[in-house]
Structure formats: structure tokens, C-alpha cells
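Protein chains in written order, with our numbering: chain H, 8 to 165; chain B, 15 to 280.
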Amino acid sequence: MAKVTLTVNGVKHTRKVEDRALLVNVLREDLGLTGTHIGCDTSQCGCCTVTLDGRAVKSCSVLAVQANGSKVTTIEGLAKNGKLHPVQRAFAECHGLQCGFCTPGMIMATVGMLKDNPNPTEDEIIHGLEGNLCRCTGYINIIKAVKKSAKLMRGRAR
Amino acid sequence: MYQFNYVKAKSLKEAGRLLASHGEAKLVAGGMTLIPTLKMRLARPSHLVDITQLAELQGIKLKAGRLEVGAATRHHQVAASAVVRKAIPALAQLASVIGDPQVRNRGTLGGSVANNDPAADYPAAVLGLGATIVTTQREIAADDFFQGMFATALKDGEIIVRVVFPVAKRAAYAKFAHPASGYAMTAVFVAQTGDGVRVAVTGAGPGVFRWKKAEAALAKSPKAAALDGVALDSSGFNSDIHADAAYRANLVRVMAKRAVAKLGRK
Ligand SMILES: Cc1cc2nc3c(=O)[nH]c(=O)nc-3n(C[C@H](O)[C@H](O)[C@H](O)COP(=O)(O)OP(=O)(O)OC[C@H]3O[C@@H](n4cnc5c(N)ncnc54)[C@H](O)[C@@H]3O)c2cc1C
Ligand code: FES
Ligand code: FES
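What follows is the structure in C-alpha cells.
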């Protein structure tokens, strides 16, 4: 067992976890943050994407002990004072989802992408979401949503 | 996943000691190969020794015509590094097409080179540029390091500290990525160095290899057309549901030509 301290969505949590516990399981089971999904066993679907010290990672492929001392943001941490984050708003407005299973991961990957590249081209968006799979949408509206997210975040919308 | 004990090493010495005293201990760096392997119960280490935070394994430096990259450097750091982009742009480009952004935010140079996946990207640059792998015990030339599928010259307990890349006159990387996994179905790294042209191929065979006949042809004429008709022995090439050996052999030539064409544009 290991003692792990994580600052998740701005709140510090300390938990005793098994050395082998994955970050995603600690988020979902120990902290009750079930917005982060698990869609595969092979590190490929990206449903579990969160940001770790500001960078998008697959939380199913990081041990909680490796994240000790880090800042984690999950989908639950994006909205502020009941107002959706611009990326969440863009996904809703552009219908960037159908069943919604992949959406938390898509949104967190988009947050990570726009931090490095606030104004991505369509090609850069496609490559930027290579680590996220969607079984429903066909991606067209997801790409639209990322474009709109970038616009909203640059404060140019409306 | 089976149980194991996780230890964050405080020094390279401590990491070495842990590996020496626990026969079933394993290093973990970015974990992008190891953790999926553990999840499938394909490995059962007693200890995981984390080395990603060690100071000796960090940093990107240009020194006397050689680019030194610490083993714990993440793929995204290489891709974004102004030093790498200026000294060996092809290396930064290669790092930017490994897997996906989340994988690049975790995976490290040392882990990729130590793992030597037959479809991995970095081995092509390490071999193509004739780099040197510096470990806790010695320096190993790329030509001696890679020994076929998942096999390297590394001994038990030996840790990669950094990789030293000679700065090439020109270099380029062309990759045909598997559309689902992102790994190379086949990819070719071409470098014009002080000692001639080097052509390294990944994804096609059981491990990265040099296509020496292509090197000889390009030394005479550094143009894509020089590769038409150059012999390529595909007898040991990978054949799977994605591509058979003959298809991969064709890809080797096409990717090599694309890389040579990119050289010309630089
Ligand atoms: C979805 C997905 C897609 C991917 N796509 C690609 C791709 O397109 N191209 C590609 O090249 N790779 C790809 N990878 C693999 C990725 O690049 C890994 O980061 C890399 O193979 C291993 O690096 P790591 O730091 O994560 O190593 P780890 O997984 O931590 O370790 C891998 C092995 O190396 C050993 N090791 C680690 N560091 C050292 C060291 N310094 N000295 C000695 N031994 C060491 C470990 O003990 C272990 O055996 C992909 C991975 C995933 C999950
Ligand atoms: S659950 Fe599929 S990549 Fe993490
Ligand atoms: S919306 Fe259903 S998987 Fe993407």
C-alpha cells in the first residue's frame, strides 16, 4: 500500500491505495469522480483522459502512485460556478456527442490540445484527437466542436 | 494486474541497487508500454523502480555537434524542443508522430529504445543517425544495440542514461502509420552524415535494420529515383493481418523514397 496525495480539481485528497492501483480507479472508486470513463483495456480509446499537471494523459495507463503530488483535472473540474467550460459548451452546441461515453475524454484531450495550440487547423485537430475513439459520431461534429472551442477560448465567439 | 511494490528511485545508484537486489524488479519510465503489459498480466515484476524523476536522465543539450537527450525525456518534449528542431528537425518530427498526444505526454526516449518494439519509431532515428546509447555501465553504438524483436544489448540491471545523436547534415523520416495503433507499419529514417548515407527501417522486419544496398545507391546519387530497383531481402519480414511481407517490402521502398524526397526539400 502507498499513501498518495493528489490535488484533484483544486481539492487536495490523501488516500492509501495499492501500489498497482491505476489513477482512473482511484478517481472513480476512491474519489467518486465517475465522469472519467474506462472504455478499453489496451490504452487506446482515450475515454479516461484527464490532465496531469496540465497535460492530457490516459489515466488508465498511469499508476496513482506515479501521480503522487500532482494536480489532476477531470471533467468534473471544468465547469465553474455552474457555468460550462467553453469546450463543454462547444461540444453541446455543435452536437459533438451522441451517447456521450467518449465525451469526457474528448473534452479533456481538447483542453490539453488547445493549451499547446490555441488555433489548430482541421488537420491538427484530427491528429490532436488520435488518442480518442468515438463509436457514435463519425467525428465530424467533434471536429466542429473543437474548432468552436478554440474560437470561444480565444474570446472571439458571438 | 498482479501485485508489485512501487519505488521511486532517489538516485541512479539506488535504482541500480534495487535492480541488483531484486531479480524480478523492473524499471518503469513513462509506463506506456509497461503498464498496458502489466494490465494484461503479461509480466509479473516484484518491484517497479520509477526513474523518470532522476536528474541524471533529464535534459536536451547540444554539445560539439552532438545532441544529447536524457533517457527520461518525454516524446512531447523532444517534439517541442527548439534545440532539437534546429539541430535535427527529423528527430523532432519523428517524436511528434509517436502514438497520440496522451502517449507522447508520458512515454520516454529511454523506454522506447530499451523496449525496441519492432514497430517503434525511435529505434529508426537512433540507428539511422548512428547514435550512441550511454548507460550506467558503458557506451553502446546503435549498430550493436538493437538485436531483433524486443532484444537489445542491455544487460540485467543496466539503465539507459541518455542517447547521443551526431547532428546529421540532413535527415528525414517517413512513416506509414497503422491507422488504429499509430505504430509504424513501416517507416524509414534517412540521414546524410559525415561518413555517408544511412538508411534505417522499422516496422517491416523483426527489428530495426539498415538497408545497406540503399545506402550505397544513395551515396552515388542522393535522389529518390536511385532507389528504384535496389535489391531488398524481405524473407524475414513481418506478415500479419495488416500487411504481408511483400506489401511491407513495397512500403519500405516507398517510405525510403519519401524520406529522400523530404531531404531534398530541407
Ligand atoms: C496507444 C499507444 C500507442 C503507441 N504508439 C506508438 C508509436 O506509434 N510508435 C512508438 O514508437 N511507440 C508507440 N507507443 C509506445 C510508446 O512510445 C512508449 O512510450 C514507449 O515504447 C516506451 O516508453 P516508456 O517511457 O513509456 O517506457 P515504459 O513502458 O515505462 O518501459 C518500457 C520498457 O523499457 C524499460 N526501461 C524504461 N526506461 C529505461 C531506461 N532508462 N533504461 C533501461 N530500460 C528502461 C522498462 O523496464 C520496460 O521494460 C505507443 C503506446 C501506446 C500505449
Ligand atoms: S480506458 Fe481506454 S485508453 Fe484508457
Ligand atoms: S458519442 Fe458515443 S462513443 Fe463518442
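Note that the Cβ used here is the ideal one computed from N, Cα and C, for glycine as well.
Since the model is a prediction, treat every value here as computed from it, not as a measurement.
**Request:** Would you mind telling me which residues of chain H sit closer than 7 Å to B:V117, beta carbon to beta carbon, in chain order?
**Result:** G138
**Message:** Along the chain, where does the beta strand (DSSP E) containing B:A214 start, and where does it finish?
**Reply:** G210 to T216
**Asked** Looking only at C-alpha atoms, which of B:V274, B:F190 and B:T207 sits nearest to B:A239?
**Response** B:V274
**Prompt:** Shorter than 8 Å from the beta carbon of B:Q107 to some beta carbon of chain H?
**Reply:** no
**Request:** Look up B:I74 in the DSSP assignment and say whether it is helix, strand or coil.
**Result:** strand
**Asked** Since B:R31 is in the beta strand (DSSP E), which residue starts that stretch and which ends it?
**Response** Where B:R31 is concerned, there is no enclosing beta strand (DSSP E), although the alpha helix (DSSP H) it sits in stretches over L26 to S35.
**Asked** Looking at chain B, which residues of the stretch 63 to 88 of chain H have a Cβ within less than 7 Å of any of its Cβ atoms?
**Response** A63, V64, K65, S68, V69, L70, V72 and Q73
**Message:** Are the CB atoms of B:L81 and B:L26 within a distance shorter than 8 Å?
**Reply:** no
**Interface positions of the stretch 55 to 74 of chain B facing chain H (Cβ-Cβ less than 7 Å), listed along the chain** = D64
**Asked** Cβ-heavy atom distance between B:G121 and ligand 2 below 7 Å?
**Response** no
**Prompt:** When DSSP builds the beta bridges, which residues end up paired with B:V204?
**Reply:** B:A186 and B:V213
**Request:** Throw me the rounded Cβ distance for the H:V64 and B:Q116 pair, which I believe falls under 8 Å.
**Result:** 5 Å
**Prompt:** In chain order, which beta strand (DSSP E) runs of at least 3 residues are fully inside the stretch 38 to 92 of chain B?
**Reply:** 39 to 42, 61 to 64, 74 to 77 and 80 to 84
**Request:** Say whether chain B places a C-beta atom closer than 8 Å to the C-beta of H:S50.
**Result:** yes
**Message:** For a quick check, are the C-beta atoms of B:W225 and B:V175 less than 8 Å apart?
**Reply:** no
**Any 3 or more C-beta pairs closer than 8 Å across the stretch 228 to 236 of chain B and the stretch 250 to 257 of chain B** = no
**Asked** So H:I150 is in the alpha helix (DSSP H); what residue range does that whole segment cover?
**Response** I147 to M160
**Where H:T110 meets chain B, residues with beta-carbon distance less than 8 Å** = Per Cβ cutoff of 8 Å: no residues; H:T110 is ~16 Å from chain B at best.
**Asked** Between B:G113 and B:G125, is the Cβ-Cβ spacing less than 8 Å?
**Response** no
**Request:** Starting from the C-beta of B:V127, find all residues in its chain whose C-beta is less than 7 Å away, skip the five residues before and the five after it, and write them out in chain order.
**Result:** Y136, P137, V140, I147, I174 and V177
**Asked** So the beta strand (DSSP E) H:A9 belongs to, where does it begin and stop?
**Response** A9 to V15
**Three-state class that DSSP yields for B:E153 in the structure shown** = strand
**Beta-bridge pairing of H:T80 - partner residues as DSSP gives them** = H:T58
**Asked** Which chain B residues are close to H:D26, counting only those with a beta carbon under 8 Å from its beta carbon?
**Response** Q17, F18, N19, Y20 and L62
**Prompt:** B:V204 and B:G142 look like a contact to me (Cβ under 8 Å); what is the Cβ gap, rounded to whole Å?
**Reply:** 7 Å
**Item:** Residues from the stretch 25 to 53 of chain B in contact with chain H, defined by Cβ distance under 7 Å
**Value:** G45, M46, I49, P50 and K53
**Prompt:** Nearest to B:M15 by alpha carbon, out of B:G73, B:A188, B:V268 and B:L56?
**Reply:** B:L56
**Prompt:** Cβ of H:Q73 versus every heavy atom of ligand 2: is any distance shorter than 7 Å?
**Reply:** no
**Request:** Could you tell me whether the Cβ atoms of H:T56 and H:T80 are closer together than 8 Å?
**Result:** no
**Request:** Please confirm whether any heavy atom of ligand 1 lies closer than 7 Å to the CB of B:L81.
**Result:** no
**Message:** According to DSSP, is B:N19 part of a helix, a strand, or is it coil?
**Reply:** strand
**Message:** When you compare the CB positions of B:R262 and B:M199, do they come within less than 8 Å of one another, or not?
**Reply:** yes
**Asked** What's the gap between the Cα of H:R165 and the Cα of H:K158?
**Response** In this prediction, H:R165 has a pLDDT of 44, which is less than 50 and means its spatial position is unreliable; what the coordinates show is noted afterwards. So the two alpha carbons sit approximately 10 Å from each other.
**Request:** Check whether the Cβ of B:D135 lies closer than 8 Å to any Cβ atom in chain H.
**Result:** no
**Request:** In the DSSP assignment, find the unbroken alpha helix (DSSP H) run with H:H20 in it and report its ends.
**Result:** H:H20 -> not in any alpha helix (DSSP H); beta strand (DSSP E) instead, spanning V18 to V24.
**Asked** Is the stretch 21 to 29 of chain H in contact with the stretch 66 to 83 of chain H, if contact means three or more CB pairs nearer than 8 Å?
**Response** yes
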